[in-house]
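Enquirer: Residue numbers (the working numbering), protein chains in the order written: chain A, 1 to 164; chain B, 1001 to 1176. One structure is given below, represented as structure tokens, and several questions about it will come after.
Next up, the structure:
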């Protein structure tokens, strides 16, 4: 009887797998992805350029095209009359209220939304041309693109004008 | 005898329960794996990215041909001296467009090399099409410096259009 008991005792031990190497691997991977990932990821503004016209179509568009002008100083005007964005100030710090205010162009968004509604009502796509001065800051062009995106317009004609 | 029993109870090993920590660790790992998948666009640190109030998430970088547009070195040095240092290390003076080849080597183009930029974009487009990327998914990812003049950005867009790429993605950072 005593002999039998002695043999059974080691079999009753709990079987445990050693997971420490797996945890090591897991931590290594975690540290790798932590270092490789930057939390402030870049965003995007999608724009497509309208296909070139062969000139054969002489049809007048159903809705008058909208024109946005950006001067060298960064002043943005809508259809040559309404100023919708003041001159660009590169000294403003990102994240400050003044910087945010400069990025938002509510009156341009409103004008673009109206143009889009007009185009939608006659079942056509709105035509928008962006005329940027050669020396206009890229940030101001991105501001206009953001306004276009907010208004739901994703196709825009681009042109570069002289700085005058 | 009773004393012996008490001692044997004291000798029981105290083990820490590791399972919640492993669970947390796995969750974090998954979070970072998912986020890392977004960042497959090569980023040039010399570019001071513009900010936009309304921009969407960059979910899929597949099919993006990245072109960096640089500001003038004087503006670059005024804003970030390290950016200028990296620019000077990677590119020749006068470089306004920067791209990275398949081996992640930086290639710079100056104002008079628009045709070379077009050729580079054409090659990239053809390589992507050969890999099976749909033509509508091939896009120019324009990483323009906030202070770069528009003629440089529009030059890159013209080069892309000449290479048959008409979908443009403006790289930005969130304004808030």
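Backbone N, C-alpha and C define an ideal beta-carbon position, used for all residues, glycine too. All of these numbers come straight from a predicted model, not from anything done at the bench.
#1: Span of the beta strand (DSSP E) holding residue 129/A?
#2: Based on the DSSP secondary-structure assignment, which residues constitute the bridge partners of residue 1098/B?
#3: By Cβ distance, which residues of its chain are closer than 6 Å to residue 1122/B, with the 5 residues on each side in sequence left out?
#4: At a Cβ cut of 9 Å, what residues of the segment 111-145 of chain A count as close to chain B, listed as they run along the chain?
#5: I need the straight-line Cα distance from residue 116/A to residue 1144/B, nearest angstrom please.
#6: According to DSSP, which residues form a beta bridge with residue 78/A?
#7: Keeping to the same chain, check which residues put their C-beta closer than 6 Å to that of residue 169/A; ignore five residues upstream and five downstream.
#8: Relative to the C-alpha of residue 86/A, which candidate in 26/A, 71/A, 34/A has its C-alpha closest?
#9: Kindly identify the DSSP beta-bridge partner or partners of residue 1141/B.
#10: Taking all protein chains shown into account, do 16 or more other C-beta atoms lie within 10 angstroms of the C-beta of residue 1176/B, making it buried, or fewer, making it exposed?
#11: Got a sec: is the Cβ-Cβ distance from residue 1170/B to anything in chain A below 7 Å?
#12: Measuring CB atoms only, is the segment 122-132 of chain A touching the segment 95-106 of chain A, in the sense that at least three cross pairs come out at less than 8 Å?
#13: Name the DSSP beta bridge partners of residue 1052/B, please?
#14: Assuming residue 1155/B is part of the beta strand (DSSP E), what are its boundary residues?
#15: Excluding five sequence neighbours on each side, which residues of the same chain lie with their C-beta closer than 7 Å to the C-beta of residue 105/A?
#16: Does the count of Cβ pairs from the segment 1153-1169 of chain B and the segment 1113-1122 of chain B closer than 8 Å reach three?
#17: Taking 8 Å as the limit between beta carbons, can you name the residues of its chain near residue 159/A, skipping five residues before and five after?
#18: So, helix, strand or coil for residue 1135/B, using DSSP?
#19: Pull up the distance between the alpha-carbon of residue 1068/B and that of residue 1151/B, whole angstroms please.
#20: Measure the C-alpha to C-alpha separation of residue 1015/B and residue 1139/B and round it to an integer number of angstroms.
#21: What three-state label does DSSP hand residue 48/A in the structure shown?
#22: Taking DSSP's pairing of strands, which residues face residue 157/A in a bridge?
#23: Assuming residue 139/A contacts residue 69/A under a Cβ cut-off of 8 Å, what Cβ separation, rounded to an integer in Å, is found between them?
#24: Considering only C-alpha positions, which residue in the set 1062/B, 1114/B, 1106/B, 1017/B is nearest to residue 1132/B?
#25: Could you compute how far the alpha carbon of residue 161/A sits from the alpha carbon of residue 1154/B?
Expert: Short version:
#1: 128-133
#2: 1068/B, 1108/B
#3: 1163
#4: 132, 133, 134, 135, 136, 137, 138, 139, 140, 141, 142, 143, 145
#5: 28 Å
#6: 68/A, 82/A
#7: There is no way to answer for residue 169/A, as the model of chain A reaches only from 1 to 164.
#8: 71/A
#9: 1066/B, 1169/B
#10: exposed
#11: yes
#12: no
#13: 1174/B
#14: Looking at the DSSP string, residue 1155/B is not in any beta strand (DSSP E); the run it does join, the alpha helix (DSSP H), is 1150-1162.
#15: 76, 84, 85, 143, 147
#16: yes
#17: 129, 130, 131, 132
#18: helix
#19: 14 Å
#20: 56 Å
#21: strand
#22: 129/A
#23: In fact, because the Cβ distance is near 16 Å, the residues do not count as touching under 8 Å.
#24: 1062/B
#25: 11 Å
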